Amino acid sequence: MRGRLRAPAATGLVLGVGLLAIVGVALVILSRSAPRRSGANSVPAAGFAIELAPHRQLCQGGELLPGDTGAMLLDAASGAPAPALAVDIAGPTGVVSRGDVSAGWRAPMLRIELTHVPATVSDATVCIRNLGTRQVTFAGAVPDAGLQVQRGDETVSGRLRIEYLRPGGESWWQLLATLAHRFSLGRSGLVSGWALEAVPALMLLAVGLAVRTMLREKP
Amino acid sequence: VTRPLLPRAALACALVALANGLAWSLLTPPFQVPDENAHYAYVQQLSERGTLPRPTLAEGPLSPREDTMLAALLSYGIAGDVRNPAPMTEAQQRTIQAAAGMSLSAKGTGDVLSATGNPPLYYALQAIPYKLTPGGRVLDKLTVMRALSTLLGAVTVLLVFLFLRELLPASRRVWSAGALVVAFQPLFGFISGGVNNDDLLYPAAAAVLWALARAFRRGLTPARGALIGFSLGVGLVSKLTLIGFVPAIALAVVLLARRAWSEDRRAALRGAGLALGLAGAPFALYALLNDLLWHRSAIAGGVGRVSGAHGRTFSFGAELSHVWQLFLPHLWMHPQFGYFPLWEAWFKGFVGRFGWLDYGFPQWFYDFALLVWLGVAALAVAELVRRRGALARRRGELAVYVLALVGLCAEIGVQSYRFEIVTGGVFEQARYLLPALCLYAAVAALAIRGGGRRWGPAIGAALVVLAIGHDLYAQMITIARYYA
């Protein structure tokens with residue numbers, strides 16, 4: 107046996123090194139900061155179809171503005187240089203957030219920073235003003251039965267696709283409490299209270315059993 | 002040497018699959034496993050009305066109770082669009098709770114979308130948790146039904162282990178590693194964690210291959226023939242995809258009967274008869290009940306020509322070409338795909354495309370997976386070459402496994418062509434290949450054996466670690482997709 111690893115030792119070594127590498131990579135990924143969503147209006151981006159002419163305003167009602175929102179993401183296109191835009195978001199009691207973007211933004215992903223929205227606002231109205239001299243086209247669903255966008259005095263059947271982002275960037279660790287809350291939503295009451303904790307526990311069990319089985323294997 | 006029917010290592014591998022499948026079932030939001038809305042509706046139809054679904058002129062709607070819940074969950078907005086996350090706010094949760102609290106009918110029109118034409122066994126099994134889950138809440142029932150699916154996933158892995166034990170009886174160290182590679186396969190875990198009749202197809206297919214390997218190793222007896230027939234019978238009334246295995250099983254039975262002809266002809270013939278009878282009887286009964294009682298076709302769309310829509314016309318020549326091109330380069334044939342299905346649909350899909358095929362890994366991961374796969378395949382081929390003497394003695398058995406895979410691919414190809422002709426849509430999904438999981442495990446097992454006594458254990462451990470890493474990465478992108 108001199109000069110070579112015995113089978114169980116080789117198995118143990120490879121499993122140990124491999125699992126350590128997995129843990130290392132996982133730690134790097136979990137610690138990486140990135141923009142995180144607070145929600146979306148689930149409108150499919152069927153194409154760039156909703157136009158906003160220079161110096162006009164477009165308003166979309168019936169939005170669910172999620173709490174902890176600090177920016178919004180739109181699919182938008184425009185000739186260069188893209189115009190400056192301003193956003194007002196009003197709830198039933200008045201304006202709840204404002205934001206703007208300077209001229210020269212790059213299509214097609216338009217991120218507009220907003221003042222922080224601490225709590226969810228139902229039935230919000232998002233208004234976008236074109237402050238420049240070029241037309242902007244937004245992606246969304248057109249026509250969208252029952253849903254309308256108000257463009258100046260004109261009512262357009264359709265809906266803009268909007269994604270809402272949390273302020274700045276966050277690592278997965280920072281997002282953990284939020285994730286635990288999100289895991290409890292849209293699920294059966296049988297599992298909603300413990301689903302997030304159960305997933306790593308089950309995977310630890312699976313990996314532990316797999317390692318034990320491999321180490322006990324006779325050649 | 003007599004071995005226990007279920008070794009502890011096999012049970013451990015099955016438990017690994019159970020834990021992994023349960024994790025996937027908790028991770029994936031309700032109705033985000035392909036066609037889960039349709040499969041749930043089938044179970045609901047069976048449980049609430051006691052009848053099988055029937056196609057209607059206009060598809061759907063499903064029951065008001067299920068449709069209301071699907072709308073509250075924004076299911077159709079999330080499915081297919083990677084940028085639409087699962088519900089994230091309390092306001093959405095209130096809508097979902099309000100939908101769950103409504104007193105709505107659980108009876109639909111009788112049409113259950115893409116699942117309408119499926120055979121009923123999986124759904125009959127799922128009717129047990131459906132009925133046993135107290136209250137009428139859709140999400141409670143779905144959760145318990147998903148748990149039953151993961152149990153079937155665990156049975157699949159158990160059968161994969163037993164298949165490897167019969168296939169490579171002298172190499173016990175490869176059995177666990179091969180089964181664990183399957184247990185951590187993320188596409189398998191994802192599908193096992195949802196409500197889908199594939200979840201009964203997989204163990205049935207694994208049982209067929211295990212039964213065949215057992216008969217090739219020990220000879221065809223009435224009991225072993227019955228095992229082959231029973232497994233195929235169960236599979237056929239779970240999902241008709243298993244028809245693809247029929248030519249391979251027929252070949253196997255002929256080869257096994259010929260081998261036993263001079264020694265125990267009587268036992269072999271009884272085995273062959275039982276295989277045929279137990280495979281055919283459930284399907285014949287299903288076809289008869291379809292005709293007499295349920296008034297629907299046993300094979301949705303029939304077996305002959307199909308009528309094309311929007312100018313698409315059916316031709317058997319084009320169908321043959323379609324089946325070829327679905328898996329292989331089109332060569333001189335008129336190209337039918339704007340992409341290379343072997344890479345885009347099968348390889349990348351098998352490595353991992355999840356949800357309603359709306360998210361997957363970054364491109365570099367598929368490229369890396371290809372390198373790993375080429376290495377594993379090279380080791381497996383080298384092992385086959387090295388053992389060519391033994392391989393020549395078992396060439397009949399090898400032909401059966403190859404024919405099983407080819408038959409499965411041909412069956413998928415035929416369905417794909419007919420689906421395209423009728424609807425114009427894309428049919429192929431990598432999960433349709435998972436009935437061949439035993440053969441996937443066999444490739445891994447051969448690669449491990451190819452490493453010999455010196456490197457084999459390290460290769461086995463490396464493959465299991467890679468499978469674990471692959472699975473965990475798939476779960477992380479799932480969390481990112483729906484919740485972050």
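Residue numbers (my numbering), protein chains in the order written: chain A, 107 to 325; chain B, 2 to 485.
The beta carbon of each residue, even a glycine, is placed where N, CA and C say it ideally should be.
Here the structure is a predicted model, which means the values were calculated and not measured.
Hey, quick one: how far does the alpha helix (DSSP H) through residue i stretch, first residue to last?
| i | result |
| --- | --- |
| residue 215 of chain A | Run containing residue 215 of chain A: none in the alpha helix (DSSP H); it sits in the beta strand (DSSP E), 215-223. |
| residue 322 of chain B | 317-328 |
| residue 26 of chain B | 9-28 |
| residue 46 of chain B | 37-50 |
| residue 246 of chain A | Taken as a continuous stretch (DSSP letters only), residue 246 of chain A belongs to no alpha helix (DSSP H), being part of the beta strand (DSSP E) at 242-247. |
| residue 386 of chain B | 364-387 |
| residue 132 of chain B | 122-133 |
How big is the Cα-Cα spacing for residue i and residue j?
| i | j | result |
| --- | --- | --- |
| residue 83 of chain B | residue 485 of chain B | 12 Å |
| residue 44 of chain B | residue 29 of chain B | 20 Å |
| residue 104 of chain B | residue 40 of chain B | 22 Å |
| residue 97 of chain B | residue 290 of chain A | 12 Å |
| residue 232 of chain B | residue 67 of chain B | 33 Å |
| residue 472 of chain B | residue 367 of chain B | 14 Å |
| residue 18 of chain B | residue 346 of chain B | 25 Å |
| residue 414 of chain B | residue 327 of chain B | 6 Å |
| residue 306 of chain A | residue 482 of chain B | 17 Å |
| residue 322 of chain B | residue 429 of chain B | 15 Å |
| residue 243 of chain B | residue 298 of chain A | 37 Å |
| residue 401 of chain B | residue 88 of chain B | 48 Å |
| residue 118 of chain A | residue 55 of chain B | 55 Å |
| residue 446 of chain B | residue 432 of chain B | 21 Å |
| residue 303 of chain A | residue 309 of chain A | 11 Å |
| residue 192 of chain B | residue 225 of chain B | 30 Å |
| residue 107 of chain A | residue 115 of chain A | Bear in mind that the predicted position of residue 107 of chain A carries a pLDDT of just 42, short of 50, making it unreliable; the figure below should be weighed with that in mind. For residue 107 of chain A and residue 115 of chain A, the distance between alpha carbons rounds to 12 Å. |
| residue 478 of chain B | residue 343 of chain B | 24 Å |
| residue 173 of chain A | residue 182 of chain A | 24 Å |
| residue 272 of chain B | residue 252 of chain B | 14 Å |
| residue 341 of chain B | residue 318 of chain B | 20 Å |
| residue 74 of chain B | residue 356 of chain B | 15 Å |
| residue 154 of chain B | residue 211 of chain B | 16 Å |
| residue 1 of chain B | residue 374 of chain B | Nothing can be reported for residue 1 of chain B, as the shown portion of chain B is limited to 2 through 485. |
| residue 141 of chain B | residue 171 of chain B | 46 Å |
From this set, the options, which residue's C-alpha is nearest residue i's C-alpha?
| i | options | result |
| --- | --- | --- |
| residue 101 of chain B | B:131, B:137, B:117 and B:111 | B:137 |
| residue 325 of chain B | B:418, B:285, B:351 and B:300 | B:418 |
| residue 470 of chain B | A:115, A:133 and A:114 | A:133 |
| residue 219 of chain B | B:242, B:188, B:269 and B:181 | B:269 |
| residue 311 of chain B | B:36, B:201, B:146 and B:426 | B:426 |
| residue 203 of chain B | B:188, B:292, B:384 and B:77 | B:188 |
| residue 63 of chain A | A:225, A:261 and A:301 | Beyond the ends of chain A as shown, which are 107 and 325, falls residue 63 of chain A; an answer cannot be given. |
| residue 53 of chain B | B:118, B:391 and B:185 | B:118 |
| residue 235 of chain B | B:214, B:215, B:208 and B:221 | B:208 |
| residue 57 of chain B | B:289, B:112 and B:162 | B:112 |
| residue 218 of chain A | A:230, A:234, A:229 and A:228 | A:234 |
| residue 115 of chain B | B:181, B:124, B:180 and B:36 | B:36 |
Assuming residue i is part of the beta strand (DSSP E), what are its boundary residues?
| i | result |
| --- | --- |
| residue 269 of chain A | 268-271 |
| residue 234 of chain A | 227-236 |
| residue 205 of chain A | 200-207 |
| residue 96 of chain B | Not the beta strand (DSSP E): residue 96 of chain B falls in the alpha helix (DSSP H), residues 91-102. |
| residue 262 of chain A | 260-263 |
| residue 352 of chain B | Note, residue 352 of chain B: premise wrong, no beta strand (DSSP E); alpha helix (DSSP H) at 349-353. |
| residue 254 of chain A | 254-257 |
Less than 7 Å between the CB of residue i and some heavy atom of the ligand FMN, yes or no?
| i | result |
| --- | --- |
| residue 226 of chain B | In terms of ligand content, the structure shown is empty, and the ligand FMN therefore cannot be addressed. |
Compare the C-beta of residue i with all C-beta atoms of chain C and state if any pair is closer than 8 Å.
| i | result |
| --- | --- |
| residue 224 of chain A | As a matter of chain content, chain C is missing from the structure shown, whose protein chains are A and B. |
### Query
At what residue ranges does the segment 137-190 of chain A contain a whole run of the beta strand (DSSP E), taking only runs of 3 or more?
List check, beta strand (DSSP E) in window: 143-146, 153-158, 163-171 and 175-184.
### Query
With a cut-off of 8 Å, do at least 3 Cβ pairs link the segment 190-203 of chain B to the segment 139-150 of chain B?
Contact between the segment 190-203 of chain B and the segment 139-150 of chain B is present, because at least three Cβ pairs lie under 8 Å.
### Any 3 or more C-beta pairs closer than 8 Å across the segment 253-267 of chain B and the segment 409-423 of chain B
Using a Cβ-Cβ distance cut-off of 8 Å, the segment 253-267 of chain B and the segment 409-423 of chain B are not in contact, since fewer than three pairs of beta carbons, one from each stretch, lie closer than that value.
### Query
Using 8 Å as the threshold, is the segment 117-129 of chain A in touch with the segment 241-250 of chain A, meaning 3 or more CB pairs across them?
The answer is no - the segment 241-250 of chain A does not touch the segment 117-129 of chain A, with fewer than three Cβ pairs under 8 Å.
### Message
Suppose only complete runs of 3+ residues qualify. What are the beta strand (DSSP E) ranges in the segment 425-474 of chain B, listed by chain order?
### Response
If one requires a minimum length of 3 residues, no beta strand (DSSP E) run lies completely within the segment 425-474 of chain B.
### Task
Return the chain-ordered ranges of every beta strand (DSSP E) run that is complete within the segment 53-77 of chain B and spans a minimum of 3 residues.
Counting only runs of 3+ residues, no beta strand (DSSP E) is found wholly inside the segment 53-77 of chain B.
### Message
Assess contact between the segment 171-182 of chain B and the segment 122-136 of chain B, defined as three or more Cβ pairs (one per stretch) separated by less than 8 Å. Is contact present?
### Response
Judged by pairs of C-beta atoms under 8 Å, the segment 171-182 of chain B does not touch the segment 122-136 of chain B, as fewer than three such pairs exist.
### Query
How do the segment 8-18 of chain B and the segment 308-318 of chain A stand: do at least 3 beta-carbon pairs fall below 8 Å, yes or no?
Contact between the segment 8-18 of chain B and the segment 308-318 of chain A is present, because at least three Cβ pairs lie under 8 Å.
### Query
Going along the chain, which unbroken runs of the beta strand (DSSP E) with 3 or more residues stay wholly within the segment 191-232 of chain B?
Qualifying beta strand (DSSP E) stretches: none in this window.
#### Entry: Any alpha helix (DSSP H) of 4 or more consecutive residues that is wholly inside the segment 165-189 of chain B
DSSP runs (the alpha helix (DSSP H)) wholly in the segment 165-189 of chain B: 174-184.
### Query
Quick check: the segment 70-85 of chain B against the segment 134-153 of chain A, are there 3 or more CB pairs under 8 Å?
Proximity of the segment 70-85 of chain B to the segment 134-153 of chain A meets the contact definition, three or more beta-carbon pairs being nearer than 8 Å.
### Task
Check whether the segment 438-445 of chain B touches the segment 264-284 of chain B, taking contact to mean three or more Cβ pairs, one atom from each stretch, closer than 8 Å.
Segments in contact, no.
### Task
Would you mind listing the alpha helix (DSSP H) stretches within the segment 242-318 of chain B that are 4+ residues and don't spill past its ends, in chain order?
Listed in chain order, the complete alpha helix (DSSP H) runs (minimum 4 residues) inside the segment 242-318 of chain B are 247-261 and 266-290.
### Query
Does the pairing of the segment 275-295 of chain A with the segment 207-218 of chain A give three or more beta-carbon distances under 8 Å?
Not touching, per the Cβ criterion.
### Task
Jot down the residue ranges of each uninterrupted beta strand (DSSP E) in the segment 267-301 of chain A, minimum 3 residues, whole runs only, in chain order.
The DSSP assignment places complete beta strand (DSSP E) segments of no fewer than 3 residues inside the segment 267-301 of chain A at 268-271, in order along the chain.
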